[in-house]
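Presented below is the structure to which this report refers.
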Amino acid sequence: MHKYKPFWTKELTNQRNTRDQAQEIAEKSEGKYEEQKRRYVINWRRECAIMKKQISLPKKEIWNKFISGTDNTSIQTIQQAE
4 MHKYKPFWTK
14 ELTNQRNTRD
24 QAQEIAEKSE
34 GKYEEQKRRY
44 VINWRRECAI
54 MKKQISLPKK
64 EIWNKFISGT
74 DNTSIQTIQQ
84 AE
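So in this note's numbering, spot 77 of the sequence shown is number 80, and the numbers just go up one at a time.
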């Protein structure tokens, strides 16, 4: 079953593919020069950081939109139930 993610976009799919390609290149750089291997790993980490940032911003927007649509009494009721 597919889990629905309202924040997921085509850009995130493209970024995930770019990140995965960078990971493959970094992992297959065995036997290359140390400087070149280091660049591949740095590029992979950079792509991971970009992906993380691109995910966190839409998540915050969706969450804020959800919270603004609720009233304080429903939130207090949920907190009291816990």
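A virtual CB, placed ideally from N, CA and C, is assigned to each residue, including glycine.
Could you have a look at residue i and say whether DSSP puts it in helix, strand or coil?
i   : result
W47 : helix
Please look up how many angstroms separate the CB atoms of residue i and residue j, rounded, as I've assumed it's under 8 Å.
i   : j   : result
Y43 : A52 : Not confirmed; about 15 Å, so no contact.
E88 : Q57 : The first residue shown for the chain is 4 and the last is 85, placing residue 88 beyond what the model contains.
F10 : I65 : 5 Å
Alpha helix (DSSP H) runs contained entirely in the region 6–56, provided each spans 4 or more residues
13–30
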